[in-house]
Amino acid sequence: MTQAAFLLFVFLKQFYIKSSGSIGIADLCIAFCVIFLVLDIVRGKRKMPSVTDLKREKFLIAFLICVVIINLFFTIKDHCRDYERYTLYWIFNGAAIWCFLELADKDFLKKLNGVCKINILTQAVIWVLGYGRVFTEYWGPTRYMGTFNDPNQYAFYLFCMILLISLYACNYGDRTAPIYYCLGVFFMSISKSTGIFLGLMLYTVGMAIWFYVRYRSKWNIPRKTEMTLGVVLILAAIAIVIKIFPGPDFNLKNTDYTMLTRIQEKIWKVLYGGNSTMLSDRGMDRVALYPRYLLLGAGEGNFNRFLKAAQQNEIHCSFLNIWFSYGVIPTVLLLKWLWEKMRKISAVEWIIAGSLIVESFLLVNYRQPFFWMILLYGYIRQKNQEKTASTLSFQQSDDIL
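In this note's numbering, the protein residues as written are 1 to 401.
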């Protein structure tokens, strides 16, 4: 029941019935998963978290305590309860992280891999049947968003499914993974999410290099051929970059509305719009306008108070949003906890997690448990391997005796 509740959350998370940010059926599954885990501990089916286990998560626990304190302070100070919502998001993610760390043995990861595939196929069926939602820009063009309320949410969900499938395939083997990669890439392209495209591009290039380095000895490619191929690829990349560079008179409203033209728009803003335009679009101008909050934090929520900023919403950069909201010390605590989990993961796990981390600098992704699941996957895999090795060692010792 405990595993089923978590896997049901992964499946149902793609169905948005209410507005984004509200409690959905999928979120209730995490609540049930926590309840089932506690009942398993009470019944003796699982071990009670030891002092060592708690020490292992001390930095995360300390960070969550800081979140509660800082947001509570601003709730009282500003007489605004919006901060409470963001506190609950963090508590929800903390609960999801605990569930994932407790459940994720090899058998569970196999089931999770299957659910991720089902999710991509589900979105494919919805697209074929024509039941997907469409986001319409104010001047007419559209972006596909499946069963989600936002095209970026849709693309991020598919991106996470691809990354989770890839993590399983690289660690445990799965020849069907490329099929789901191709499906995911297609559906992400019609969402026209440029932030997700950056992460996808880094992931694709990184994985291509990893596969080449890993299997080059088996392919026995001559050195001269390697150098020629490398030069061709570099020249092709340069040609593509030059081709897509927009001119100073570029206007998205006067072109076909595609992923390519949206990328050109972002490049145009960097080249001709000035840094202030790019920063204000992502909400990052707030950091320059209110730098004092980087020290002790501004609390997360009630964004309308930042009147000097171009937009009164969250900063579209996961790291900066956390730092600005909670200050230096809590941010360092969170990074310390994350580093302890990720410092020993494999190269391919770094490539996959790294593509997500880079992408998160353009969007706020940390409220989604999938974000943390991907970053913690390598740690889980390593822990499972150590547990298996310990069990085998114990069995061999027992046989000798």
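Every residue, glycine too, gets a C-beta built ideally from N, C-alpha and C. All of these numbers come straight from a predicted model, not from anything done at the bench.
Original post:
Does DSSP classify residue 15 as helix, strand or coil?
Top reply: Coil at residue 15, not helix or strand.
Original post:
Since residue 148 sits in a beta bridge, which residues does DSSP pair it with?
Top reply: Residue 148 pairs with nothing; no bridge assigned.
Original post:
So residue 302 and residue 78 are in contact, right, with Cβ under 8 Å, and what is the actual spacing, rounded?
Top reply: Indeed they touch by this definition, with Cβ atoms about 6 Å apart.
Original post:
Among all the DSSP beta bridges, which residues are the ones paired with residue 134?
Top reply: Answer is 144, bridged to residue 134.
Subject >> Nearest neighbour of residue 21, chosen from 50, 89, 60, 74 [CA to CA] >> reply: For the residues 50, 89, 60, 74, the minimum Cα distance to residue 21 belongs to 89.
**OP:** Quick one: give me the first and last residue of the alpha helix (DSSP H) that residue 189 is part of.
**Re:** Run containing residue 189: 177 to 191, per the alpha helix (DSSP H) assignment.
Original post:
Which whole-angstrom value is the C-beta distance of residue 298 and residue 325, which I expect to be below 8 Å?
Top reply: Indeed they touch by this definition, with Cβ atoms about 6 Å apart.
Original post:
Under 8 Å between the Cβ atoms of residue 114 and residue 133?
Top reply: Taking a C-beta distance under 8 Å as the contact criterion, residue 114 and residue 133 do not qualify as a contact pair.
Subject >> 8 Å contact criterion, which residue 316 and residue 358 should meet: CB distance rounded >> reply: Taking C-beta atoms under 8 Å as the contact rule, residue 316 and residue 358 fail to qualify, at a distance of about 14 Å.
Subject >> Close-in-space but distant-in-sequence residues of the same chain around residue 142 (CB under 6 Å, 5 per side omitted) >> reply: By the criterion of a C-beta distance shorter than 6 Å, residue 142 is surrounded in its chain by 134, 136, once the five residues flanking it on both sides are discounted.
**OP:** Using the Cα positions of residue 128 and residue 231, report the straight-line distance between them to the nearest angstrom.
**Re:** Taking the straight line from one Cα to the other gives about 40 Å.
Original post:
If you run the structure through DSSP and keep just helix, strand and coil, what is residue 139?
Top reply: Coil, per DSSP.
Original post:
So, are the CB atoms of residue 203 and residue 352 less than 8 Å apart?
Top reply: With contacts defined as CB atoms closer than 8 Å, residue 203 and residue 352 qualify as a contacting pair.
Original post:
Excluding sequence positions up to five away, which residues of its chain have a Cβ less than 6 Å from the Cβ of residue 378?
Top reply: Answer for residue 378: 345, 349, listed in chain order.
**OP:** Could you tell me the distance, in whole angstroms, from the CA atom of residue 426 to the CA atom of residue 376?
**Re:** What is shown of the chain runs 1 to 401, which leaves residue 426 out entirely.
Original post:
Skipping 5 residues on each side, what residues in its chain have a beta carbon closer than 7 Å to that of residue 11?
Top reply: Around residue 11: 115, 118, 119.
Subject >> Close beta carbons around residue 3, own chain, < 8 Å, minus the five adjacent residues each side >> reply: Excluding residues within five positions, the ones whose Cβ falls inside 8 Å are 103, 108, 111.
Subject >> C-beta atoms of residue 6 and residue 33 nearer than 8 Å >> reply: A contact, by the Cβ cut-off of 8 Å.
Original post:
From residue 384 to residue 101, what distance separates their C-alpha atoms?
Top reply: Per the coordinates, the alpha-carbon of residue 384 lies some 11 Å from the alpha-carbon of residue 101.
Original post:
Can you tell me where the alpha helix (DSSP H) with residue 227 in it begins and where it stops?
Top reply: Residues 223 to 244.
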